[in-house]
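Here the structure comes first, spelled out in structure tokens, and everything after it is commentary.
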Amino acid sequence: MSGMGMGGGDACKISMLWNWYTIDSCFLAESWHIRSSGAFAGSCIGVILLVMVLEALRRASREYEAFLIRKRLTKNPPASPARSTSDSDNSNEKTGTALAQPASCPAFVKRQFRPTLFEQLVRALLHMLQFAVAYFIMLLAMYFNGYIIICIFIGAFLGAFVFSWHNIALPYVFHPSSCCVVADDF
Numbered sequence: 009m010s011g012m013g014m015g016g017g018d019a020c021k022i023s024m025l026w027n028w029y030t031i032d033s034c035f036l037a038e039s040w041h042i043r044s045s046g047a048f049a050g051s052c053i054g055v056i057l058l059v060m061v062l063e064a065l066r067r068a069s070r071e072y073e074a075f076l077i078r079k080r081l082t083k084n085p086p087a088s089p090a091r092s093t094s095d096s097d098n099s100n101e102k103t104g105t106a107l108a109q110p111a112s113c114p115a116f117v118k119r120q121f122r123p124t125l126f127e128q129l130v131r132a133l134l135h136m137l138q139f140a141v142a143y144f145i146m147l148l149a150m151y152f153n154g155y156i157i158i159c160i161f162i163g164a165f166l167g168a169f170v171f172s173w174h175n176i177a178l179p180y181v182f183h184p185s186s187c188c189v190v191a192d193d194f
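Each residue of the sequence shown is one higher than the one before, starting from 9 at the first, in this note's numbering.
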């Protein structure tokens, strides 16, 4: 334990070893000096919310990427060219046999696009915010305060529960005999 403060009797308790300090503990700055149980409880709630904000930023980043993809697909819908069974890319490389594909089947092509300058600025801003929040969480964890670390874990759980609750896509496989894309059975 080391003392830090303005010379008064209420110096900050800071330890780089595992600790359970509550009153007189300090985090990140001397101004974040805990002087009461209520202030410590408020700090714990704040840490939980900070970790939840990180999970919200991660979700916002995924949603923005999905928005950009939907926007591009609306502007440029996927083409469905007619393909014959003699196309060289229909061969099964493992067995060396050709897969029969009716002419009405859409081609599976890897499509990509480059975001505009503004879209990339938004993506970079979301990344920077995630990085900054994660860095502050890491700095809080480095105080090795058991209560704060538990609050980080609680915030991660609640953040994932709230912001990762979305539909999960099943993997799709191409079924050449029916020219359908079907969900792979597990």
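C-beta: ideal position from N, C-alpha, C; glycine also. This one's a predicted model, so the numbers in the text were calculated from it and none came from an experiment.
- In this structure, the beta-carbon distance from residue 56 to residue 162 falls below 7 Å.
- By the neighbour-count criterion, in which a residue is buried when 16 or more other Cβ atoms sit within 10 angstroms of its Cβ, residue 170 is exposed.
- The beta-bridge partner set that DSSP reports for residue 27 consists of 153.
- Shown here for residue 156: same chain residues with a beta carbon closer than 8 Å to its own, the five before and five after excluded, namely 35, 51, 52, 55, 148, 149 in chain order.
- Looking at 151, 134, 144, the one whose alpha-carbon comes closest to that of residue 72 is 134.
- Beyond the five residues adjoining it in sequence on each side, residue 121 comes within less than 6 Å, by CB distance, of 80 in the same chain, given in chain order.
- Less than 7 Å separates the beta-carbon of residue 65 from that of residue 137.
- When secondary structure is reduced to three states using DSSP, residue 33 falls in the strand class.
- Here the alpha carbons of residue 30 and residue 175 stand approximately 41 Å from one another.
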